[in-house]
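Colleague: Counted from 1, the sequence shown has number 623 at position 310 by my numbering; the numbering is strictly sequential. Glycine residues also receive a C-beta, built at the ideal position from the N, C-alpha and C atoms. I have a structure I would like to understand better, so I am pasting it below and will then ask my questions one at a time.
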Amino acid sequence: MKLSVLLITYNHARYIREALDSVLWQDIDFPFEVVVCDDASTDNTRELVAEYVGKDPRISFRFLADAPNMGVTRNYQRGFAAVESEYVATLEGDDIWCSPQKLSQQLAFLEAHRECSVCGCNYFVYLEEEARYTERVERGEGFRYLDSRQLIADNLIGNFSTCMYRADSLKRLPAKLFDMRAYDWAVNIVMGRFGLIGFLNTPMSIYRIHGAGTWSLLSHRQKLTSQLEVLPQYDAITDGVFAEDFNALAARLRAAGAGEGHVPAFQLRRIARRGTSLLIQFIPPLLVTILKQLVPPVCWRVVYKFIGRRA
314 MKLSVLLITY NHARYIREAL DSVLWQDIDF PFEVVVCDDA STDNTRELVA
364 EYVGKDPRIS FRFLADAPNM GVTRNYQRGF AAVESEYVAT LEGDDIWCSP
414 QKLSQQLAFL EAHRECSVCG CNYFVYLEEE ARYTERVERG EGFRYLDSRQ
464 LIADNLIGNF STCMYRADSL KRLPAKLFDM RAYDWAVNIV MGRFGLIGFL
514 NTPMSIYRIH GAGTWSLLSH RQKLTSQLEV LPQYDAITDG VFAEDFNALA
564 ARLRAAGAGE GHVPAFQLRR IARRGTSLLI QFIPPLLVTI LKQLVPPVCW
614 RVVYKFIGRR A
């Protein structure tokens, strides 16, 4: 199968029909599947999804087996492991795709740009309590390239529901990534090591912020603290290649939290990879991507070790 939609749900009964209607709205002209990853919802989310089975002849539904509540990170892990298609689009049950061309445009982009492992798109942030929509960035035509360093500085991708992935790249994600709080930001930073990230400038998704959302319930200081606490883990999972970038981000987060009580200090795991970081920084991302396709992984490991000893 060419395309799977990974539908991630947990107590989304209030919103799930809108999410599913936006899937049926897509202008895809070939069969595809919706893989339902429900994280032990205590409402009737799963039953509402089941009502859509058979509604559209293009779409087959596959429900992953019931399991105890595992949290969003582990739920994504089992979803990524379950897909067998060439491309994977992700949609959370409280988000919406607001363009019928969302899937077809991302699919066409990835098929035309083999250098990219991910295609994201611009999106609207919907503040439910205020009934207000805001574009993530100013809309435009065409696309831009992003890499891991740019995502560390500014998570432009923003959420899983904007993304379409190459499934073979998802299978390369290290298992230990899912031992931490690995939301879209961490996953996409690691995916950026497998290829460039394409970002379509047209907004085609809606990210909903509502009172039931885990992130929405946190105060500003709690959000800063949460981000700072995971940076050493993200630095470790990326082998210290982006240590300087994480350090710069930590400084900005601490500055943003000044006067709001204690926020944790950020200590770099180590600086032994500084030479690698500089190498990656000054080689054009497209060249790095091409080299990664041509040079066996064992050769890259030798280069990293050599540079690390000399750093």
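1) Going along the chain, which unbroken runs of the alpha helix (DSSP H) with 4 or more residues stay wholly within the stretch 319–390?
2) Please return the same chain residues whose Cβ sits closer than 7 Å to the Cβ of Pro487, not counting the five positions on each side in sequence.
3) What residue does the beta strand (DSSP E) around Ala402 start on, and which one ends it?
4) Just reading off the beta strand (DSSP E) that Glu557 is part of, what are its end residues?
5) Should Pro516 be labelled buried (16 or more other beta-carbon atoms within 10 Å of its own) or exposed?
6) What's the C-alpha gap between Ser539 and Asp548?
7) If you follow the alpha helix (DSSP H) that Tyr547 is part of, which residue opens it and which one closes it?
8) Taking DSSP as the reference, what is the three-state secondary structure of Arg427?
9) Just checking: is the beta-carbon of Phe374 within a distance shorter than 9 Å of some beta-carbon in chain D?
10) Which residue or residues does DSSP assign as beta-bridge partners of Arg485?
11) How is the beta strand (DSSP E) around Arg479 delimited, first residue to last?
12) Closer than 8 Å is the cut-off here; do at least three beta carbon pairs connect the stretch 374–386 with the stretch 481–495?
13) Would Gly511 pass as a contact of Phe437 if the rule is Cβ separation under 9 Å?
14) Output yes or no for whether 9 Å exceeds the beta carbon distance between Val554 and Arg479.
15) For Pro516, which residues does DSSP report across the bridge?
16) Where does Ser474 sit, in a helix, a strand or coil, going by DSSP?
17) Would you report the Cα separation of Arg521 and Glu428, rounded to the nearest angstrom?
18) Helix, strand or coil, according to DSSP, for Arg506 in the structure here?
19) Would you grab the beta carbon distance between Thr403 and Ser474 for me? Rounded to a whole angstrom, and I think it's under 8 Å.
20) Please confirm whether Thr358 and Gly392 have their CB atoms less than 9 Å apart.
21) Please list, in chain order, all residues of the same chain as Leu316 whose beta carbon is under 6 Å from its beta carbon, the five residues on each side excluded.
22) Cα-Cα, which of Glu454, Val347, Thr355, Arg462 is closest to Tyr365?
23) Below 8 Å on the Cβ atoms is my guess for Gly433 versus Ile465; work out the distance and round it to an integer in Å.
24) Pick out whichever of Phe374, Thr322, Trp338, Phe376 has its Cα sitting closest to the Cα of Leu354.
25) Could you check the C-alpha separation between Arg457 and Gln418 for me, to the nearest Å?
26) I'd like to confirm the pairing. Which residues does DSSP put opposite Trp410 in its beta bridges?
27) State the Cα-Cα distance for the pair Glu331 and Gly505, rounded to the nearest angstrom.
28) Excluding five sequence neighbours on each side, which residues of the same chain lie with their C-beta closer than 6 Å to the C-beta of Tyr446?
29) Might you give, ordered along the chain, the residues of its own chain that have their beta carbon closer than 7 Å to the beta carbon of Leu537, omitting 5 neighbours on each side?
30) Note down, in chain order, each residue of its chain lying with its Cβ closer than 8 Å to the Cβ of Arg485, except the 5 sequence neighbours on either side.
31) Could you tell me which of Phe559, Asn435, Trp338, Glu454 sits nearest to Arg371, measuring between CA atoms?
32) Out of Cys350, Asp369, Ser412, Val362, state which residue places its alpha-carbon closest to the alpha-carbon of Ala378.
33) What are the start and end residues of the beta strand (DSSP E) that includes Arg462?
Modeller: Short version:
1) Qualifying alpha helix (DSSP H) stretches, in chain order: 329–337, 358–363.
2) If we look at Pro487 and ignore the five residues flanking it on each side, its Cβ neighbours are Ile550.
3) Its beta strand (DSSP E) spans residues 400–405.
4) Careful: Glu557 lies outside any beta strand (DSSP E), inside the alpha helix (DSSP H) at 556–569.
5) With 16 or more Cβ atoms within 10 Å of its Cβ, Pro516 is classed as buried.
6) Our two residues, Ser539 and Asp548, have alpha carbons roughly 15 Å apart in a direct line.
7) First-last of the alpha helix (DSSP H) with Tyr547: 533–550.
8) The answer is coil: DSSP assigns Arg427 none of H, G, I, E or B.
9) The question asks about chain D, but that chain is absent: this structure has only one protein chain.
10) Answer is none; Arg485 lacks a bridge partner.
11) 477–479 is the span of the beta strand (DSSP E), which, as asked, contains Arg479.
12) Taking 8 Å as the limit for Cβ pairs, the verdict is that the stretch 481–495 does touch the stretch 374–386.
13) No; because the gap between Cβ atoms is not below 9 Å, this pair is not in contact.
14) One thing to note: Val554 has its Cβ no nearer than 9 Å to the Cβ of Arg479.
15) Beta-bridge pairing links Pro516 to Asn435.
16) In the three-state reduction of the DSSP assignment, Ser474 falls in the helix class, which pools H, G and I.
17) If you take the alpha carbons of Arg521 and Glu428, they lie about 31 Å apart.
18) Looking at Arg506 - three-state DSSP - the assignment turns out to be coil, as it is neither helix nor strand.
19) About 6 Å separates the two Cβ atoms, so the contact holds.
20) Cβ distance not < 9 Å, so Thr358 and Gly392 don't count as in contact.
21) Counting only Cβ-Cβ distances below 6 Å, and skipping sequence neighbours, we find Phe345, Ser398, Tyr400.
22) Taking only the C-alpha atoms, the option nearest Tyr365 is Val347.
23) Rounded, the Cβ-Cβ distance is 15 Å, inconsistent with contact.
24) Inspection of the sequence shows that residue 354 is occupied by Ser rather than by Leu. Closest by C-alpha distance to Ser354, out of Phe374, Thr322, Trp338, Phe376, is Thr322.
25) If I take the Cα positions, the gap works out to 14 Å.
26) Answer by DSSP bridge pairing, in chain order: Ser518.
27) Cα to Cα, the separation comes out at about 31 Å.
28) So the list reads Phe437, Tyr439, once near-sequence residues are dropped.
29) Counting only Cβ-Cβ distances below 7 Å, and skipping sequence neighbours, we find Leu566, Ala569, Gly570, Val576.
30) Excluding positions up to five away in sequence, the list reads Phe507.
31) Residue Trp338 is the option with its Cα nearest to Arg371.
32) Checked all of Cys350, Asp369, Ser412, Val362; the closest Cα to Ala378 is Cys350.
33) Arg462: not part of any beta strand (DSSP E); member of the alpha helix (DSSP H) spanning 461–466, first to last residue.
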